[in-house]
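Peer 1: In this note's numbering, the protein residues as written are 47 to 614.
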Amino acid sequence: MAYASPVRELSFILNHVADMGLLAKTECFSEATPDVVDAILTEAGRLCDEVIAPANRNGDLTPPVLENGLVRTSPGFAEAYATMAKGGWVGISARVEDGGMGLPFALSTAVNDMMSGAALAFQLAPLLSQGQIEALENHASDKIKALYIPRLVSGQWAGTMNLTEPQAGSDVGALSAKAVAKGDGTYSVTGQKIYISWGDHDMTENICHLVLARLPDAAPGTKGISLFLVPKFIPNADGSLGARNSVRVASLEHKMGLHGSPTATMDYEGATGWLVGEAHGGMAAMFTMMNNARVGVATQGIGVAEAALQEAVWHASDRRQGKASGSGAIIEHADVRRMLAGMKAEVFAARSIALHCAVAIDMSKATGDPDWEARAAFLTPIAKAFGTDTGFAVSNECMQVHGGSGYIEATGVAQLMRDVRVTAIYEGTNGIQAMDLVARKMNDGGEAAYRLLDDVESSAEAARDAFPKLAEAVWASAESLREATEWLNGEDLAGRFAVAVPYARAFARVLGGHFHLKAALADRAHGPHAALAAFYINRLLPEHLGLLEQVRQGDSGLFDVTVEDLAG
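Now the structure itself:
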């Protein structure tokens with residue numbers, strides 16, 4: 047079946063669940079009114095359905111190839127990119143003075159959700175450019191901003207992120223790439239980077255690499271890392287392209303999924319680069335891009351989950367098997383209905399968390415309120431981990447709904463699972479996200495967590511008249527999570543890290559109940575969200591109790607299982 051962008055669902059969540067209405071009340075985003083939001087979503091949905099989605103299968107079946115040092119993209123990708131760029135979709139949230147739309151990050155997050163559902167391999171390209179724009183806006187010199195940002199916003203140039211090296215994956219501090227000042231304001235960058243998404247392609251005239259490397263006087267570890275902008279072609283002052291830089295694609299990876307996205311090994315051999323931000327301050331600058339990307343990766347998982355849900359509903363409605371009431375289709379079987387309702391409820395929960403996180407990022411920017419900044423920071427690892435876990439879980443369930451046909455590549459269902467699997471790995475594995483949540487994001491003693499739980503409980507109180515049973519369940523879950531958070535704050539880091547994943551999952555579960563309950567209230571107890579809320583709160587929310595029981599174990603007994611036991 048053809049993918050259909052969930053425009054109405056995204057509009058409903060933004061306007062009634064994720065608190066986007068707050069943004070239109072700020073001076074920064076006063077133009078982000080509901081009618082503008084709906085108009086943007088509608089046009090973006092048309093682009094995704096009519097231009098991007100048709101290229102998705104080509105990406106899987108006809109991957110990019112490396113020919114004579116150049117990467118040729120999958121059929122239809124370059125044309126789709128040109129149409130997207132012409133429409134201004136790369137720069138939705140970029141500044142108007144740079145050619146962008148100046149709209150909230152929450153809106154670009156919703157558009158990226160749809161684009162990911164249409165073709166995840168394709169969506170990676172504009173997502174990387176958006177992250178680079180954000181990093182340059184915050185850390186680059188005025189000269190670099192003026193030269194690079196407008197061309198990234200227009201889609202004339204594209205951006206990448208170069209962190210990983212053969213010996214330095216999640217441990218970024220182990221990288222060995224070097225940069226030496228050339229005496230003219232530029233640097234000579236040498237080293238190898240691996241797993242570079244869209245490291246080279248034929249969709250734009252120039253590709254701009256953000257590269258982490260060490261200066262000669264750098265300290266060991268992450269404190270000695272600097273960030274450099276290294277373009278494929280060195281631009282002249284007027285933006286025209288000059289000489290080819292000393293950067294090349296050594297090879298392309300053969301991956302489990304995302305075949306349409308070229309993942310390159312990049313060799314820098316004395317390539318000319320420009321320092322972005324302060325010397326030895328590369329991690330701070332790169333994290334601006336990475337934090338943007340982590341919310342983007344959350345939406346990648348959610349977008350693919352949406353595509354899988356649509357495919358599963360279509361198949362279950364069309365497939366006749368066994369004895370079923372009603373239409374006779376398998377969608378009338380109780381177990382199939384359970385799977386589909388669970389998929390729908392999970393997608394709604396994950397999407398609401400990600401969009402509320404994006405709204406918090408926007409509110410932090412618009413108001414400068416440290417509470418909004420803390421909320422955005424706290425929600426980012428939850429959104430990334432839960433969104434990407436949901437992408438794989440729902441894709442897996444989609445295959446189960448299809449039965450044997452789902453396991454056959456020709457149906458396209460397997461592509462969903464293969465494509466989305468890496469989202470739980472890149473931009474920081476989900477285990478690292480959880481560790482970040484219970485460590486760095488709780489340096490405030492848990493205040494950001496408690497304020498979030500206060501909102502959950504207040505919302506549940508407001509719903510008691512309309513949905514007494516559901517409201518009580520959500521309120522009680524928040525209390526249980528509050529008690530676990532208090533306990534966790536008393537543990538050392540070893541104890542926290544041992545249970546970080548179940549804690550992050552439990553928090554997502556409770557937030558899912560909270561947002562489902564808000565949706566039910568917005569539907570005034572008669573719309574489809576009320577029934578979905580009841581399904582989630584009665585059947586999925588109780589999982590948080592088992593997760594919190596794991597949390598209370600800390601690291602007790604964890605290492606009693608020895609290496610010999612594991613190997614034996």
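Ideal Cβ placement from N, Cα and C applies to all residues, glycine included. What you are looking at is a predicted structure, and each value in this text was computed from that prediction instead of being measured.
#1: Report the rounded CA-to-CA distance for Phe581 versus Pro588, giving the unit in angstroms.
#2: According to DSSP, which residues form a beta bridge with His255?
#3: Nearest to Asn337 by CA position, among Ala404, Ala64, His361, Gly285, is which residue?
#4: Taking the alpha-carbon positions, what's the Gly433 to Ala400 distance?
#5: Inspect the beta-carbon positions of Glu378 and Ala370 and report whether they are closer than 8 Å.
#6: Are Glu185 and Leu261 touching if we call contact CB-CB under 8 Å?
#7: Let me make sure I understand the geometry here. Which of Thr72, His62, Arg54 has the alpha-carbon closest to that of Thr413?
#8: What are the residues that DSSP puts in a beta bridge with Gln238?
#9: According to DSSP, is Lys630 helix, strand or coil?
#10: Along the beta strand (DSSP E) that carries Glu125, what are the first and last residues, could you check?
#11: Less than 8 Å between the C-beta atoms of Tyr314 and Cys254, yes or no?
#12: Measure how close the beta-carbons of Gly288 and Ile280 come, nearest whole angstrom, since I'm counting them as under 8 Å.
#13: Thr469 and Val609 look like a contact to me (Cβ under 8 Å); what is the Cβ gap, rounded to whole Å?
#14: Run through the DSSP bridge pairs and tell me what Tyr549 is partnered with.
#15: So, with DSSP's three-state summary, where would you put Glu378?
#16: Would Gly536 pass as an interface residue toward chain D - the criterion being a Cβ-Cβ separation below 8 Å?
#17: Since Val136 and Gln176 should fall inside the 8 Å C-beta cutoff, what is the C-beta to C-beta distance between them, to a whole number of angstroms?
#18: Does the Cβ of Asn476 have 16 or more other Cβ atoms within 10 Å, making it buried, or fewer, making it exposed?
#19: Rounded to a whole number of angstroms, what is the C-alpha to C-alpha distance between Arg384 and Glu443?
#20: Which stretch, first to last residue, makes up the beta strand (DSSP E) that contains Ala225?
#21: Compute the Euclidean distance between the alpha carbons of Ala554 and Lys132, then round it to the nearest angstrom.
#22: Which runs of the alpha helix (DSSP H) at least 4 residues long sit entirely within the region 139-204? Give them in chain order.
#23: Checking 8 Å against the spacing of the C-beta atoms, do Gly306 and Ala165 come in under that value?
#24: Since Gly319 sits in a beta bridge, which residues does DSSP pair it with?
#25: Relative to the alpha-carbon of Gly558, which residue among Thr436, Gln446, Val466 has its alpha-carbon at the smallest distance?
#26: Extract the residue ranges of the alpha helix (DSSP H) inside the region 377-408, only unbroken runs of 4 or more that lie entirely within it.
#27: Classify Ile271 as helix, strand or coil using the three-state DSSP reduction.
#28: Rounded to whole angstroms, what's the CA-CA distance from Gly67 to Ile59? Just pull it up for me.
#29: Just checking, does the region 294-302 make contact with the region 139-155 on the three C-beta pairs under 8 Å criterion?
#30: Going by C-alpha distance, which of Lys239, Ala422, Leu170, Val257 is nearest Gly349?
#31: For Leu386 versus Ala358, is the C-beta spacing smaller than 8 Å?
#32: Quick one: grab the DSSP three-state call for Arg54.
#33: Who are Arg366's beta bridge partners in DSSP?
#34: Shortest alpha-carbon distance to Phe543 belongs to which of Gly163, Asp501, Leu604, Ser523?
#35: Using a Cβ-based criterion (distance less than 7 Å to any ligand heavy atom), does Ala519 qualify as near the ligand MN?
#36: With 16 as the cutoff for other CB atoms within 10 Å, does Pro110 come out buried or exposed?
Peer 2: Let me lay it out:
#1: On the sequence shown, position 535 is the one that residue 581 refers to. On the sequence shown, position 542 is the one that residue 588 refers to. Each residue's CA atom was taken as its position, placing Phe581 and Pro588 some 11 Å apart.
#2: Stepping through the sequence shown from its first residue, residue 255 is reached at position 209. In the DSSP output, where bridge partners are listed per residue, His255 has Thr206, Val276.
#3: The residue labelled residue 337 in the question sits at position 291 within the sequence shown. Just measuring C-alpha positions, the residue of Ala404, Ala64, His361, Gly285 sitting nearest Asn337 is Ala404.
#4: The count along the sequence shown starts at 1 and reaches residue 433 at position 387. The count along the sequence shown starts at 1 and reaches residue 400 at position 354. Rounded to whole angstroms, the gap between the alpha carbons of Gly433 and Ala400 is 7 Å.
#5: Here residue 378 refers to the residue found at position 332 when the sequence shown is read from its first residue. Here residue 370 refers to the residue found at position 324 when the sequence shown is read from its first residue. For the 8 Å CB-CB criterion, Glu378 and Ala370 form a contact.
#6: The sequence position of residue 185 within the sequence shown is 139, counting from 1. The sequence position of residue 261 within the sequence shown is 215, counting from 1. Residue 185 is actually His in this sequence, not Glu. Between His185 and Leu261, the CB-CB gap reaches or exceeds 8 Å.
#7: Indexing the sequence shown from 1 puts residue 413 at position 367. Per the Cα distances, Thr72.
#8: The count along the sequence shown starts at 1 and reaches residue 238 at position 192. Asp313.
#9: Outside the modelled stretch of the chain, which goes from 47 to 614, sits residue 630, for which no answer is possible.
#10: Counting from one through the sequence shown, the residue named residue 125 turns up at place 79. Counting along the chain, Glu125 falls outside any beta strand (DSSP E), though it belongs to the alpha helix (DSSP H) covering 123-132.
#11: Numbered from its first residue, the sequence shown carries residue 314 at position 268. Numbered from its first residue, the sequence shown carries residue 254 at position 208. In this structure, Cys254 does not lie closer than 8 Å to Tyr314 by Cβ.
#12: For this step, residue 288 is matched to residue 242 along the sequence shown. For this step, residue 280 is matched to residue 234 along the sequence shown. That pair is a contact at about 5 Å.
#13: By one-based count along the sequence shown, residue 469 stands at place 423. By one-based count along the sequence shown, residue 609 stands at place 563. The distance from the Cβ of Thr469 to that of Val609 is about 30 Å, inconsistent with a contact at the 8 Å cut-off.
#14: Translated into positions along the sequence shown, residue 549 becomes position 503. DSSP output for Tyr549 lists no bridge partner at all.
#15: Walking along the sequence shown from the start, residue 378 turns up at place 332. Taken through DSSP and simplified to helix, strand or coil, Glu378 comes out as helix.
#16: The question asks about chain D, but that chain is absent: this structure has only one protein chain.
#17: Along the sequence shown, one-based indexing puts residue 136 at 90. Along the sequence shown, one-based indexing puts residue 176 at 130. Separation of the CB atoms of Val136 and Gln176 is rounded to 7 Å, and the pair is thereby assigned contact status at 8 Å.
#18: Taking the sequence shown and counting its residues from 1, the one referred to as residue 476 is at position 430. Burial call: buried.
#19: Sequence index remark: in the sequence shown, residue 384 carries index 338 (1-based). Sequence index remark: in the sequence shown, residue 443 carries index 397 (1-based). Annotation: Arg384 to Glu443 spans about 11 Å, alpha carbon to alpha carbon.
#20: Here residue 225 corresponds to residue number 179 of the sequence shown, with the count starting at 1. Looking at the DSSP string, the run of the beta strand (DSSP E) that includes Ala225 is 224-227.
#21: Position 508 of the sequence shown, counted from the first residue, corresponds to residue 554. Position 86 of the sequence shown, counted from the first residue, corresponds to residue 132. When rounded, the distance between both Cα atoms is 37 Å.
#22: Secondary structure within the region 139-204: the alpha helix (DSSP H) runs of 4 or more consecutive residues, fully enclosed, are 151-164, 166-185, 188-200 (chain order).
#23: Position 260 of the sequence shown, counting from 1, holds the residue named residue 306. Position 119 of the sequence shown, counting from 1, holds the residue named residue 165. Going by beta carbons, Gly306 and Ala165 fall inside the 8 Å limit.
#24: One-based indexing of the sequence shown puts residue 319 at position 273. Answer is Tyr233, bridged to Gly319.
#25: As a position in the sequence shown, residue 558 is number 512, starting the count at 1. If you compare the alpha carbons of Thr436, Gln446, Val466 with that of Gly558, the shortest gap goes to Thr436.
#26: DSSP runs (the alpha helix (DSSP H)) wholly in the region 377-408: none.
#27: If you number the sequence shown from 1, residue 271 lands on position 225. If DSSP states are grouped into helix, strand and coil, Ile271 belongs with the strands.
#28: By 1-based counting over the sequence shown, the position of residue 67 is 21. By 1-based counting over the sequence shown, the position of residue 59 is 13. If I take the Cα positions, the gap works out to 11 Å.
#29: Result no; under three Cβ-Cβ pairs closer than 8 Å.
#30: Looking up residue 349 in the sequence shown gives position 303. Answer by Cα proximity: Leu170.
#31: As a working mapping, residue 386 is identified with position 340 in the sequence shown. As a working mapping, residue 358 is identified with position 312 in the sequence shown. Yes, these two residues count as a Cβ contact at 8 Å.
#32: For the purposes of this step, residue 54 is taken as the residue at position 8 of the sequence shown. It is helical.
#33: As a working mapping, residue 366 is identified with position 320 in the sequence shown. Answer is Ala375.
#34: Sequence index remark: in the sequence shown, residue 543 carries index 497 (1-based). Checking every option, the nearest Cα to that of Phe543 belongs to Leu604.
#35: Among the ligands in the structure shown, none appear at all, so the ligand MN cannot be discussed.
#36: Residue numbering aside, residue 110 sits at position 64 when the sequence shown is read from its first letter. When all chains shown are included, Pro110 counts as buried.
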